[in-house]
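Have a look at the structure below before the remarks.
Number of protein chains: 2
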Amino acid sequence: MNRQKEGTPLASVGEFGLIERLARAWQSAAAGSPDDSRGGGLGCLTSAIASPRLRWGIGDDAAVIDGLAGKSLLVTTDMLVEGVHFLWSPERRRLLGRKALTVNISDIAAMGGIPAWAFLSIGVPAGAAVEDVEEVYAGMGEVAARYGVVLAGGDTVRSDKWVLNVTLLGLAVKGPIGRGGGAPGDLILVTGSVGDSAAGLHLLLSAGREKAGTGMAAVSEADRKLLLSRHLDPTPRVAEAMALVEHGGVTAMMDVSDGVSSEVHHLCRNSVCGARIDVAALPIHPATRRLAEATGQDLLAWALTGGEDYELIFTAPPEQVPGLIAQVRQDAGTDVTVIGRLTEQAEGIMAVYPPETDRNVVPLAAKGYNHFR
Amino acid sequence: MNRQKEGTPLASVGEFGLIERLARAWQSAAAGSPDDSRGGGLGCLTSAIASPRLRWGIGDDAAVIDGLAGKSLLVTTDMLVEGVHFLWSPERRRLLGRKALTVNISDIAAMGGIPAWAFLSIGVPAGAAVEDVEEVYAGMGEVAARYGVVLAGGDTVRSDKWVLNVTLLGLAVKGPIGRGGGAPGDLILVTGSVGDSAAGLHLLLSAGREKAGTGMAAVSEADRKLLLSRHLDPTPRVAEAMALVEHGGVTAMMDVSDGVSSEVHHLCRNSVCGARIDVAALPIHPATRRLAEATGQDLLAWALTGGEDYELIFTAPPEQVPGLIAQVRQDAGTDVTVIGRLTEQAEGIMAVYPPETDRNVVPLAAKGYNHFR
């Protein structure tokens, strides 16, 4: 990606000229999207399931979608604000677009659904170049193509800072899977590994501060690349969600956006349960473990409250668990780990630290990211 | 509405506490919403048409909507940014919420649909009080109750300036009405009156500048109130759209958000037509005419390019027009006016000024509001 030294002023293309250029940027990125080996090609999913179709997209007062007979429609929306959720960087325009769509796809996957139609509202600073906006769209287009998502509408406005709001519509493949279906005795599982995104963020925030004694010098280039990618360009777990739905037996599910601790509290509140989380069982990637050791950072804090992992956390009765784990491994090539179990609500939401003694069972703090703290 | 001198800091209630308070603010405003005489009670519309229902709303990864068999789903989204689309004012928090939903309801009505489910993403400055956000929600809740709209999800984030993004889902009552169905010979009609919103904006921008010679002193309190209301608290033309759909025969429709001139250009582009607009026929409210005369402002500029009228502009074959006008008058109590007709594309998009001579037929400038100029 080239640093954009000079660009086309927004005023020179006009609002409708801009919209046309952006639709093109999305389309050409979507057409040229490299096949990603993680999870296999998923663009076919929508066409396989979907008699629904977008009759009219961009260019009218509203988009029109037909043929939703018998399908549950899923709708999610997320707002990302410059300076709060991301720092604007010319080198990372495309990654910004990718992540803005990814976090919404992750929400749809966490309902047991496939993503279908995206609506992007974007606030663009007056001083931005057309190429800046095009790159954001191109990033979204790349991810969209991979998961069969169509840009169906949106709004382009001026603002002081960059603001992206994505509303994503999807379809539940079977029944939608909410947060409230868990029961005492169900095991709690998580896909992939947790804490990598927080580790990547730590690397990002430490950039340019690689002084002696910070331990940064000891981090390998491969670890650095992997962890930055996990933070800046996460993979939504669509293939994993489809494997879980295909197998059946998942009672509650959500994605890990705020952090495992916070999500366990959500699952417990909606399912009217308590929980015990086995801290030693949390799946930690070796690269994340190495970074925490090299830099003296709190590995468990990354894993429990770091957030932005976009893994799936879900519950299922014990007898379903071996089959679910096998199905996800087979269909998506991803490991799934049992990290605890749901209990009666009166037992509270507890973290169990090794060795398991009475004094090592403590309340699991729910601290995720509070936007207003 | 009281000016909020001191309020509850956002940080003191936490993110989830805030979401709960906002849902309550919406609900209690919706429950206490006064019946508005314009157009009659419309909340019944959704339940009358709709087997579709919101299975799960706020509180999961995505909202779930079932039962869309045979219905066309309509989706529209709009982003409003402080300092660009509105100035933050403690006195007008509730009006801001009302208008943010209204402009989206207007888009759904302009497709011949009824609004159903709203998703609100809101960016809130860190220094704002909980009561500020509650008032915005309460305003939306008032409008939502009147039109049968349910708050189905959203996102609450921190930002430097206030940002509101509403995504609204609706259902087409019969076939959706787009912008592309007009044909040469169709008449062009508009509901209500145009230019009032621009007149109201002029009053707003002139506030505190009522010097001698500006003509402001001559404006009656009744005119002032009416025009400000037309700008700050427009009425979406849902009852009018339903009357048009009920009657049938409308070939193309949209709402007047950017201005009549701009919308005529859209209709012509999508319908592959030209147009002749009879400038003398534009429906101008007497209050708007009086304000333009008292202040020396350009009445036609207000009517043609002022925008934000949220009237419906539509086309229909001449033989359908008397029936359509009668139906809207009967069902919604609103006047509809013929303002021109579609022509062959080669004839261009023309404005006809009185008296109709060759030199009084000139190209209709498309200048709406360009966000990046």
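Protein chains in written order, with UniProt numbering: chain A, 1 to 373; chain B, 1 to 373.
Idealized CB from N, CA, C, for every residue including glycine.
Spatial distance of residue i from residue j (CA atoms)
{"i": "Arg341 (chain A)", "j": "Thr102 (chain B)", "result": "46 angstroms"}
{"i": "Ser261 (chain B)", "j": "Arg93 (chain B)", "result": "31 angstroms"}
{"i": "residue 382 (chain A)", "j": "Leu300 (chain A)", "result": "For chain A, the structure presents residues 1 to 373; residue 382 (chain A) sits outside this window and is missing."}
{"i": "Glu293 (chain A)", "j": "Val362 (chain A)", "result": "24 angstroms"}
{"i": "Gly154 (chain A)", "j": "Glu347 (chain A)", "result": "46 angstroms"}
{"i": "Pro90 (chain A)", "j": "His285 (chain B)", "result": "50 angstroms"}
{"i": "Val163 (chain B)", "j": "Val84 (chain B)", "result": "10 angstroms"}
{"i": "Gly148 (chain A)", "j": "Pro115 (chain A)", "result": "7 angstroms"}
{"i": "Gly200 (chain B)", "j": "Ser229 (chain B)", "result": "7 angstroms"}
{"i": "Ala48 (chain A)", "j": "Leu73 (chain A)", "result": "Low per-residue confidence applies at Ala48 (chain A): pLDDT is 38, beneath 50, and the placement is therefore not dependable, though the value from the model is reported in the following sentence. Cα to Cα, Ala48 (chain A) sits roughly 16 angstroms from Leu73 (chain A)."}
{"i": "Ala217 (chain A)", "j": "Ala198 (chain A)", "result": "19 angstroms"}
{"i": "residue 376 (chain B)", "j": "Gln297 (chain A)", "result": "An answer regarding residue 376 (chain B) cannot be provided, because it is not within the stretch 1 to 373 covered by chain B."}
{"i": "residue 401 (chain B)", "j": "Ala100 (chain A)", "result": "Summary: the structure shown does not reach residue 401 (chain B), with chain B confined to residues 1 through 373, and so no result is reported for it."}
{"i": "Glu246 (chain B)", "j": "Val256 (chain B)", "result": "21 angstroms"}
{"i": "Asn104 (chain B)", "j": "Glu221 (chain B)", "result": "30 angstroms"}
{"i": "Leu54 (chain B)", "j": "Ala110 (chain A)", "result": "18 angstroms"}
{"i": "Gly192 (chain B)", "j": "Asp107 (chain B)", "result": "16 angstroms"}
{"i": "Asp61 (chain A)", "j": "Pro184 (chain B)", "result": "22 angstroms"}
{"i": "Thr46 (chain B)", "j": "Gly112 (chain B)", "result": "Because the pLDDT at Thr46 (chain B) is just 41, under 50, the model does not fix this residue reliably, and the point stays unresolved."}
{"i": "Met140 (chain B)", "j": "Gly259 (chain A)", "result": "32 angstroms"}
{"i": "Ala243 (chain B)", "j": "Val328 (chain B)", "result": "5 angstroms"}
Interface flag, residue i vs chain B, CB-CB below 8 angstroms
{"i": "Val157 (chain A)", "result": "yes"}
{"i": "Trp56 (chain A)", "result": "yes"}
{"i": "Thr235 (chain A)", "result": "no"}
{"i": "Phe119 (chain A)", "result": "yes"}
{"i": "Ala241 (chain A)", "result": "no"}
{"i": "Asp60 (chain A)", "result": "yes"}
{"i": "Ile49 (chain A)", "result": "Note that Ile49 (chain A) scores a pLDDT of 42, beneath 50, so its modelled location is shaky; the value from the coordinates is reported in the next line. By this cut-off, Ile49 (chain A) is not an interface position."}
{"i": "Ala63 (chain A)", "result": "yes"}
{"i": "Leu227 (chain A)", "result": "no"}
{"i": "Thr102 (chain A)", "result": "no"}
{"i": "Leu74 (chain A)", "result": "yes"}
{"i": "Ile108 (chain A)", "result": "yes"}
8 angstroms Cβ cutoff, residue i in contact with chain A
{"i": "Met79 (chain B)", "result": "yes"}
{"i": "Lys174 (chain B)", "result": "no"}
{"i": "Arg179 (chain B)", "result": "yes"}
{"i": "Gly306 (chain B)", "result": "no"}
{"i": "Ala69 (chain B)", "result": "yes"}
{"i": "Gly170 (chain B)", "result": "yes"}
{"i": "Met140 (chain B)", "result": "no"}
{"i": "Ala152 (chain B)", "result": "yes"}
{"i": "Asn360 (chain B)", "result": "no"}
{"i": "Gly83 (chain B)", "result": "yes"}
{"i": "Asp132 (chain B)", "result": "no"}
Neighbour-count burial assignment, residue i, 16 or more Cβ in a 10 Å radius
{"i": "Thr315 (chain A)", "result": "buried"}
{"i": "Thr357 (chain B)", "result": "exposed"}
{"i": "Val166 (chain B)", "result": "buried"}
{"i": "Gln320 (chain B)", "result": "buried"}
{"i": "Gln330 (chain A)", "result": "exposed"}
{"i": "Gly248 (chain A)", "result": "exposed"}
{"i": "Gly178 (chain A)", "result": "buried"}
{"i": "Val272 (chain A)", "result": "exposed"}
{"i": "Leu205 (chain A)", "result": "exposed"}
{"i": "Glu344 (chain A)", "result": "exposed"}
{"i": "Lys174 (chain B)", "result": "exposed"}
Contacts around residue i, its chain only, beta-carbon distance under 7 angstroms, and the 5 residues preceding and following it disregarded
{"i": "Val130 (chain A)", "result": "Gly7, Thr8, Leu10, Val13, Leu18, Arg21"}
{"i": "Val81 (chain B)", "result": "Lys161, Val163"}
{"i": "Thr337 (chain B)", "result": "Leu189, Val190, Ala281, Pro283"}
{"i": "Ile349 (chain A)", "result": "Val264, His265, Cys268, Gly274, Ala275, Pro363, Leu364"}
{"i": "Trp56 (chain A)", "result": "Ala63, Val64"}
Beta-carbon proximity list for residue i, same chain, < 6 angstroms, skipping 5 on both sides
{"i": "Asn360 (chain B)", "result": "Tyr353"}
{"i": "Ala287 (chain A)", "result": "Asp223, Leu226, Leu227"}
{"i": "Pro318 (chain B)", "result": "Leu187"}
{"i": "Thr77 (chain A)", "result": "Thr167"}
{"i": "Leu151 (chain A)", "result": "Trp26, Ala118"}
{"i": "Lys367 (chain A)", "result": "Thr305"}
{"i": "Val136 (chain A)", "result": "Arg93, Leu96, Gly97"}
Beta-carbon separation (whole angstroms), residue i vs residue j, contact threshold 8 angstroms
{"i": "Pro236 (chain A)", "j": "Tyr310 (chain A)", "result": "6 angstroms"}
{"i": "Glu308 (chain B)", "j": "His231 (chain B)", "result": "7 angstroms"}
{"i": "Val219 (chain A)", "j": "Leu291 (chain A)", "result": "6 angstroms"}
{"i": "Ala278 (chain B)", "j": "Ile339 (chain B)", "result": "Looking at the sequence provided, one finds Asp at residue 278 (chain B) rather than Ala. Asp278 (chain B) to Ile339 (chain B), Cβ: 6 angstroms. Contact."}
Minimum Cβ-Cβ distance from residue i to chain E less than 8 angstroms
{"i": "Met350 (chain A)", "result": "No chain E appears in the structure shown, which is made up of the protein chains A and B."}
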